[in-house]
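The numbering of the first sequence is numbering that gives the first Met the number 0, which starts it at 0 and goes up by one.
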Amino acid sequence: MSDTPAPSGSSREPAAPEPAGYQPAAVEAAARRYWSEIGAFEVVEDPSRPKFYCLSMLPYPSGALHMGHVRNYTIGDVISRYQRMTGKNVVQPMGWDAFGLPAENAAIKNKTAPGKWTRANIEHMRVQLQMMGYAIDWTRELATCDPDYYVHEQRVFVRLLAKGMAYRKSSVVNWDPVDQTVLANEQVVDGRGWRSGALVEKREIPQWFLKITDYAQELLDGLDALPGWPEPVKTMQRNWIGRSEGLELAFDVEGTDDRLSVFTTRPDTLMGATFLSIAGEHPLALRAAAADPDLAAFLADLKRGGVSEAELETQVKRGRDTGLRAIHPITGEALPIYVASFVLMSYGTGAVMAVPGHDQRDWELAKAKDLPIRLVIVPDELRHAPPDAVEKLRRRVTEEGAFTERGWLVSSGQYDGMDFQQALDALATRFEAEGRGARRVNYRLRDWGVSRQRYWGCPIPVIHCAACGAVPVPEDQLPVVLPEDVAFLGVQSPIKADPDWRRTLCPRCGGPAERETDTFDTFMESSWYYARYTSPGASDMVDARVDHWLPVDQYIGGIEHAILHLLYFRFYHKLLRDMGVVKGDEPATNLLTQGMVVAETFYREDASGEREWINPADVDIERDERGRILRASARSDGGRVSVGGIEKMAKSKNNGVDPQSMVDKYGADTVRLFSMFAAPPEQSLEWSEAGVEGMARFLRRLWAQVERHMAGAAAPALDVASLTAGQKTLRRQLHETIQKVGDDYGRRHSFNTAIAALMELLNHVSKSDDASPNGRALRQEALEAIVLLLNPITPHASHALRQRLGHAETLLEDVPFPRPDAAALERDAVTLAVQVNGKLRGTIEAAVDASREALEAMALAEPHVAVLLQGKTVRKVIVVPGKIVNIVV
RNA sequence: GCGAAAGUGGCGAAAUUGGUAGACGCACAGGCUUCAGGUGCCUGCGACCGCAAGGUUGUGGGGGUUCGAGUCCCCCCUUUCGCACCA
């Protein structure tokens, strides 16, 4: 700073430096300073008020806030501030989902330790969240990479081990033979390791699992008790859990004492079974392969190939006869047992009865292997049809493909003529009596594999001892702390490379032992953070405060978490409930899934056809008089660019817009306002800087209205009794808006229409130029209401404008949300539409209490209507009071 | 293939219970203010016909229910998302 005095007589010294209009930077800094000084959003339990727990999914600290975060946390903030204005004790916490692979990638690239990188990102992103003005209780902040946090996760895990809810088994992973490491699915590109380029192999290694399948039925049933969750999310979870009912049935294997169990959802097709298919990993297949080198080669071949679903999809159905024969439990026929590529060991029993006539996969294998195809089910219309009609279907089933619908049994001996249910009941009863089978429910949901062969995660608290096996780390020795001061030499996990960290003593026998070097799936940390937020500083996972705050009243996050996170979140809550940690069956009563943030893409192609993507911020667009795009050009050199279509904001298309730059340019309130206005929360939101400017314009106009109003004579108290008709109308519009905005915030979560209603109201207010005492009083009432109604969305501007309207500085969240005045909502006249034969022909003004007869007479007398009715006979008149009169001629 | 959601002006969208389609905003056009404008204000803006008044038509396509359909029912098309050999 310089000591030099300012030159005298400088024009930089205006007499009264009244700031010109709306200055978002200053307004926002002042509001945030005030909130921070009074600790506005720090909350404690308060039994005298209803609580409201508003939770947004915690961010991964990737480095900088992106528009998806802004949208998510603005929705949460709007709901939080609105609920607090209605008198609730609102908690809105925030934390960091801090473990994960990107930190390892960054560590390799930048040669920094993942912990250091992550913590630096958190510092930066916290400042950015604060810049957005979110009403967060920062005293509850947590980072999942802190030992203070994950110690509780380790403690829960060893208790789950003791309860048998966690167990270890071998499971297939992607193995990179060059980097000597396990790869996540997304690190496998076209069957090759993303860094090494080596062909990825399937490899079985022992891993830890949580028994989520024990809760499959409860997780399914619980969805019905969640009316506040979006239907699409519940449908996806139902499909994921994938409950199916059927019959488990054992076939005798010829010449042995073995039995081969299959699961089927179509026991009605049993008489059409012509062979059996088993998975390549099935014990029977392995045993048969021991004596059959060709079969062994086939099994080895099946094992090869990617784990990815996309690869499985395109695979042809392959099979190979094991030489074994199974005895059909009803006909006694000997059926060949095949190993089939499409049978999954992990579902059902790993074996199926093959009914080529009524299952497309079985049909394809039967065709390839020339196995018999039998028709045993016919549709309704063929139930009593003559034989030649059935013959047609039989030919179709033989030549073209399976008939997979349910129907009526034929060629099934004593079961002929039964429908699906009758056949199921008859067969189930029979096989239950014979001890050969039983009704069975299967789920496609698998147990949750929680092991990751990565460094940057929560260490799995287990010690491997040559004598005692896998031994849980005793609770008093927790946490097992992940060393953070590590160097990343290659891809391999530093704790796997470090013999000193691994080396320890067995807690059971005291002998030399090694620590587990796998870490938990990061979904583990995000499955219980909502509970920890309620009890900051608790020495256990939670304390008594948890019962005050749970369940979460409103959860907000991306639809991409519809299945995995939200299912684990519900599962973990049930685990914690059964351990006595939390109460209630579900963690969150209401869920809002917000849509993506998308933007236009622009590109240029070079000679080789390579696309250079240009950020929308660097493109100028010319339009014709209809508003259609004529040409787009790069601002840097004026060169023409192509429009590439609207895509999710992403680095690869260079169409991301940095929230920081938008806040710097327009202020946080404008950015918040645009992200709430441009689309309903569940839909995708198209970023448009022109749209952002429109929002800035609205805030400037509101500011200008308040300034103009306050520059005039002081507003007296409103004298309701002496309002003119025009004033009554404006006041009614005001109170209708109050009613609508409250409903839009609280019930509908329809923030875009709330803003539209406020804009409309401001348009009405600015058009009225009423300087009478009641006119000024009404404008004061309206402007005060607009400022409060807008507060959840634009809290900084509202904070400043409230003071400009003559109030002392205060926390607006503690000012009650405006309520509509019932008297102001009353109308004495309404406009009704008049239709002739359903077509709008005119409108009439009528008293609210006008009789049907009076309305009918007025409608018939309406000039346009009267002209149209000349020479016609009125057949019927429908009168809907307050809405419409329809004249039928 | 299976499941779900959606399709409305040049664009983002609104229409909450079957009752005046297109609120609100963007873009565009015309005008005013300004030394100037990436400012502010006013006006217009679904399409077609018309100077206008007004008329006709219009919510992906086809059918239906109804006095009345963007909304309900049936068939079809398109898009997005999720799952994808689950017996």
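C-beta atoms are modelled at their ideal positions from N, C-alpha and C, and glycine is treated no differently.
Query                                                                                                                                                                              : Result
Going by C-alpha to C-alpha distance, which of G86, H65 and I74 sits closest to D45?                                                                                               : G86
Could you have a look at M648 and say whether DSSP puts it in helix, strand or coil?                                                                                               : coil
Using alpha carbons as the reference points, say which of L294, G192 and N173 lies closest to E203.                                                                                : N173
Nearest to L334 by alpha carbon, out of F250, N71 and H564?                                                                                                                        : F250
Roughly how many whole angstroms lie between the Cα atoms of D584 and A97?                                                                                                         : 27 Å
Where does Q129 fall in DSSP's three states?                                                                                                                                       : helix
Check M758 in the structure and name its three-state DSSP category.                                                                                                                : helix
Nearest by alpha-carbon distance to I211: which of R443, S797, T723 and A39 is it?                                                                                                 : R443
Does DSSP classify D668 as helix, strand or coil?                                                                                                                                  : helix
Can you confirm whether the region 76-90 touches the region 118-136 when touching is taken to mean that 3 or more C-beta pairs between the two stretches lie within less than 8 Å? : yes
So G741 is in the alpha helix (DSSP H); what residue range does that whole segment cover?                                                                                          : A724 to D742
Thinking C-alpha only, which one of D539, F274, S492 and A422 is nearest L575?                                                                                                     : D539
Measuring alpha carbon to alpha carbon, tell me which of V662, E783, R393 and L590 ends up nearest Q802.                                                                           : E783
Quick one: what does DSSP say D484 is sitting in, helix, strand or coil?                                                                                                           : coil
Shortest alpha-carbon distance to N773 belongs to which of W239, N109, L729 and A295?                                                                                              : L729
Based on Cα-Cα distance, which residue from E41, W455, D520 and A598 lies nearest to P482?                                                                                         : W455
In angstroms, rounded to a whole number, what distance separates the CA positions of P493 and R514?                                                                                : 13 Å
For E898, which option in K233, S850 and R840 has the closest C-alpha, if you only look at C-alpha atoms?                                                                          : In the structure as shown, the chain starts at 0 and stops at 888, and residue 898 therefore has no counterpart that could be examined.
In the DSSP assignment, find the beta strand (DSSP E) that holds G322 and state where it starts and stops.                                                                         : G318 to I326
Would you decide whether P58 is buried or exposed? Buried here means 16 or more other CB atoms lie within 10 Å of its CB.                                                          : buried
Contact check, A598 vs I645 under 8 Å by CB: the rounded distance?                                                                                                                 : 7 Å
Quick one: grab the DSSP three-state call for A350.                                                                                                                                : strand
Are three or more beta carbon pairs between the region 472-488 and the region 153-161 nearer than 8 Å?                                                                             : yes
Would you call L504 buried or exposed, if buried means 16 or more other Cβ atoms sit within 10 Å of its Cβ?                                                                        : exposed
Out of curiosity, what's the CA-to-CA distance linking K582 and D546?                                                                                                              : 7 Å
Between L672 and the rest of its own chain, which residues show a CB-CB distance below 6 Å, the 5 nearest in sequence each way excluded?                                           : M694, I792 and T793
Assuming S61 and P101 form a contact by the criterion Cβ under 8 Å, report the distance between their Cβ atoms to the nearest whole angstrom.                                      : 6 Å
Measuring only the C-alpha atoms, how far is L804 from P715?                                                                                                                       : 13 Å
DSSP three-state label for A846, please.                                                                                                                                           : strand
With DSSP run on the structure shown, which of helix, strand or coil describes S79?                                                                                                : helix
Assign T268 to one of three DSSP states: helix, strand, or coil.                                                                                                                   : helix
Between the C-alpha atoms of L789 and M84, what's the straight-line distance to the nearest angstrom?                                                                              : 12 Å
Could you name each continuous alpha helix (DSSP H) segment of 4 residues or more that falls completely within the region 495-559, going from the start of the chain to the end?   : 498-501, 528-531 and 544-548
On the DSSP bridge list, what partners appear for S450?                                                                                                                            : F519
Can you tell me where the beta strand (DSSP E) with H463 in it begins and where it stops?                                                                                          : V461 to C464
Do K316 and E280 have their CB atoms nearer than 9 Å?                                                                                                                              : no
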